[in-house]
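Colleague: Handing you a structure now.
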Ligand SMILES: Nc1ncnc2c1ncn2[C@@H]1O[C@H](COP(=O)(O)OP(=O)(O)OP(=O)(O)O)[C@@H](O)[C@H]1O
Ligand SMILES: [Mg+2]
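Residue numbers (this note's numbering): 5 to 272.
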C-alpha cells in the first residue's frame, strides 16, 4: 500500500500585483499526488508555475483555493517542515561565513548539537565534494560550489522529503553529474524527491514520474518508463515538446488571454 506524501487537489494560485492590483493566475486547478519514495519531476517552460507549486507545498505562499497536504499536514506545519529539505531556485548565502560556518548555523536551527553536528557537517561536505573548501568564505565560491552548498544545507536534517528547484542549473558537466548521483543516492535511501528541472536527460535518469505544467495547468503526467518506452515518444524531450506545442496551439486558437491576465471585479 503506497502512502501519498504530497496530495494536491484543485490548487489555484493568483498572484496579485502591487501595481493596479491585477491578478495573475499562476496555477489553475492543479491535481497532483506523489507517493512515498517516489522521485517526481515537475517540468514546464519558464513561467509555467513550477516554483510557485514548490512554494505552495512548503507553505511559503498561501493558495487562493484548493487542498494541499504534505506529509499528512498543512504546508508550513512545523511537524512536516522538520522532515523536509529544500534547495530554492536562487539560494541565499551569508557571504562572509565559511562553508562550515554556514552549515553549522543551519544545523543549530535544526537542533543538531555537539559531536553529531560536526559529524553531520563533515558527512555533507564530503557528499557534495566541498571538504577542501570548508574554511573558505562563501563569497569566494563559484556558482557550482554554491549550488553544492545549497544541496548540503537541504540535507542537514536528513529529510524524508526533499524539494529541489532546478538543482542542476548553472553547473558544469561534473557538477551536474555529482548532483545527479546525490539524487540517485537519496532515492536509494527511500527519500521522496520533488524536483523542478529543465534538464530533461537528468530528469530521465532520476525521476520515476513526471508532470508537465503549461500556463498553470498540468497537461501531462506519467511514469518515465511509460513515456520513453511506450512507443509514442523517443525520449522525454519529444514528449515535452509535443505536449507543450499542442497546448500552446490550443491556447492561441481560443484567443483566450486568461489565465495569464485575469482581472476580476472587486480586485481593484
Ligand atoms: N510574487 C509574484 N508576483 C506576481 N507574479 C508572480 C510572482 N511569482 C511568480 N509570478 C508569476 O507566476 C508565473 C509562474 O512563475 P514561477 O516562478 O512559478 O514559474 P516557473 O515555472 O518556476 O518558471 P522558471 O522555469 O522560469 O523558473 C510567472 O508568470 C511569474 O511571472
Ligand atoms: Mg522556477
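Quick reminder that beta carbons are idealized off the backbone N, C-alpha and C, glycines included.
1) Go ahead and pull the three-state DSSP assignment for residue 182.
2) Give me every residue whose Cβ sits closer than 7 Å to any heavy atom of ligand 2, in chain order.
3) Do the CB positions of residue 148 and residue 175 come within less than 8 Å of each other?
4) Between which residues of its own chain and residue 12 is the CB-CB distance below 6 Å, once the five residues before and five after are set aside?
5) Taking the beta strand (DSSP E) that residue 199 belongs to, which residues open and close that run?
6) Residue ranges of each alpha helix (DSSP H) run of no fewer than 4 residues wholly in the stretch 104-184, ordered along the chain?
7) Let me confirm a value: residue 185 is counted as buried when at least 16 other C-beta atoms fall within 10 Å, else exposed. Which label applies?
8) Where residue 239 and residue 170 are concerned, what is the direct C-alpha to C-alpha distance, given to the nearest angstrom?
9) DSSP three-state label for residue 27, please.
10) Nearest-angstrom Cα distance between residue 69 and residue 15?
11) Residue 62 and residue 79 look like a contact to me (Cβ under 8 Å); what is the Cβ gap, rounded to whole Å?
12) What are the start and end residues of each continuous beta strand (DSSP E) run of 3 or more residues lying completely inside the stretch 206-255, in chain order?
13) What is the DSSP secondary structure of residue 18, reduced to helix, strand or coil?
14) Can you tell me whether residue 130 is buried or exposed, with buried defined as 16 or more other CB within 10 angstroms of its CB?
15) Cβ atoms of residue 48 and residue 217: under 8 Å apart, would you say?
16) Helix, strand or coil for residue 85? Go by DSSP, reduced to three states.
17) Flag residue 50 as yes when its Cβ comes closer than 7 Å to any non-hydrogen atom of ligand 1, and as no otherwise.
18) What I want to know is whether the C-beta of residue 21 ends up closer than 7 Å to one or more non-hydrogen atoms of ligand 1.
19) Give the secondary structure of residue 39 by DSSP, where H, G and I count as helix, E and B as strand, and everything else as coil.
20) Just checking, does the stretch 137-144 make contact with the stretch 83-103 on the three C-beta pairs under 8 Å criterion?
21) On the DSSP bridge assignment, give the partners of residue 8 in chain order.
22) With respect to the beta strand (DSSP E) encompassing residue 73, which residues constitute its N-terminal and C-terminal limits?
23) If we ignore side chains and look at the alpha-carbon of each, how far apart do residue 8 and residue 248 end up?
Modeller: Reading off the structure:
1) helix
2) 54, 55, 93, 169, 170, 200
3) Yes, the Cβ-Cβ distance between residue 148 and residue 175 is below 8 Å.
4) 34, 36, 72
5) 196-200
6) 118-131, 147-159
7) exposed
8) 20 Å
9) strand
10) 6 Å
11) 6 Å
12) 213-218, 221-227
13) strand
14) exposed
15) yes
16) Residue state, collapsed to three classes: helix.
17) yes
18) Answer for residue 21: yes, Cβ within range of ligand 1.
19) strand
20) With the cut-off at 8 Å, the stretch 137-144 and the stretch 83-103 touch.
21) 39
22) 69-74
23) 27 Å
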